[in-house]
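Each position in the sequence shown, counted from 1, maps to that position plus 55 in this note's numbering. By construction, the Cβ of each residue, glycine as well, lies at the ideal position given by its N, Cα and C atoms. Worksheet for the structure shown next.
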Amino acid sequence: MFERYYKELVGYFSRTLGDTEQAKDVVQETYLRISAMGERADAVLEPRAFLYQTAKRIIIDEWRKNRHFHPMAFHEAEQVSTEHEEPLEHLLSSNRMKSLHHTINALPPRCQEAFRLHKFDGYSHKEIAEMMGISKNAVEKHIIKALIACKQSVDAMQKEDV
56 MFERYYKELV GYFSRTLGDT EQAKDVVQET YLRISAMGER ADAVLEPRAF LYQTAKRIII
116 DEWRKNRHFH PMAFHEAEQV STEHEEPLEH LLSSNRMKSL HHTINALPPR CQEAFRLHKF
176 DGYSHKEIAE MMGISKNAVE KHIIKALIAC KQSVDAMQKE DV
């Protein structure tokens with residue numbers, strides 16, 4: 056399982072973290088954690104998704120421990136220009152980002168994956184379809200579903216601001 060997805064995982068997390076060496080460390084730690092599971096790892100129905108989810112949890116754990124281990128896409132998404140903002144405006148911007156982050160995390164896993172690969176990592180629909188093992192049409196449906204959810208979230212936030 057691990058060998059099959061090694062290059063894909065390193066590539067994805069290199070772009071996400073902005074550091075190939077950190078990505079290799081995360082992927083190695085992912086392998087170690089899954090190896091420690093023994094026979095339970097063989098029972099995983101979606102090994103690719105399991106690898107990604109395990110790696111993401113490792114990144115979150117490291118970030119919480121060190122506070123300097125920042126996934127690039129998450130950091131960029133939350134980065135708000137605060138040079139000329141009032142504290143209240145900054146708080147509102149931060150709350151909007153948290154709300155959008157929550158909206159994206161509430162999507163079904165495959166929908167989240169397609170959306171993130173397209174919007175944060177810049178993959179084409181065709182590339183995502185190949186990576187996820189689904190049709191291009193399915194990728195488009197996932198991305199549309201995610202965009203609709205984000206738009207509804209933004210619309211709801213705008214109504215609250217009025």
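Within the continuous alpha helix (DSSP H) that includes residue i, where are the two ends?
i      : result
Leu172 : 164-174
Leu87  : 75-91
Ile189 : From DSSP, Ile189 is part of no alpha helix (DSSP H); its letter is neither H nor E.
Given residue i, which residues of its chain have a CB within under 7 Å of its CB, disregarding the five upstream and five downstream residues?
i      : result
Met212 : Arg151, Ser154
Lys181 : Lys191
Val99  : Phe105
Thr158 : Ala204, Cys205, Ser208
Leu103 : Reading the sequence as shown, one finds Arg at residue 103 and not Leu. Cβ within range, chain order: Tyr60.
Lys196 : none
Going by other Cβ atoms of all chains shown within 10 Å of its Cβ, with 16 needed for buried, is residue i buried or exposed?
i      : result
Leu106 : buried
Ile203 : exposed
Leu64  : buried
Arg59  : exposed
Leu172 : buried
Ile267 : No answer is possible for residue 267: it lies beyond the span of the chain, which begins at 56 and ends at 217.
Met19  : Residue 19 falls outside the range modelled here, since the chain spans only 56 to 217, and no answer is possible.
Ala201 : buried
Glu215 : exposed
Thr85  : buried
Ala91  : exposed
Between residue i and the rest of its own chain, which residues show a CB-CB distance below 8 Å, the 5 nearest in sequence each way excluded?
i      : result
Asp176 : Tyr67, Arg70, Thr71, Ala128
If you drop the 5 nearest sequence neighbours on each side, which residues of the same chain put their C-beta closer than 6 Å to that of residue i?
i      : result
Glu140 : The predicted model places Glu140 with a pLDDT of 37, which falls under 50 and marks its position as unreliable, so this point remains unresolved.
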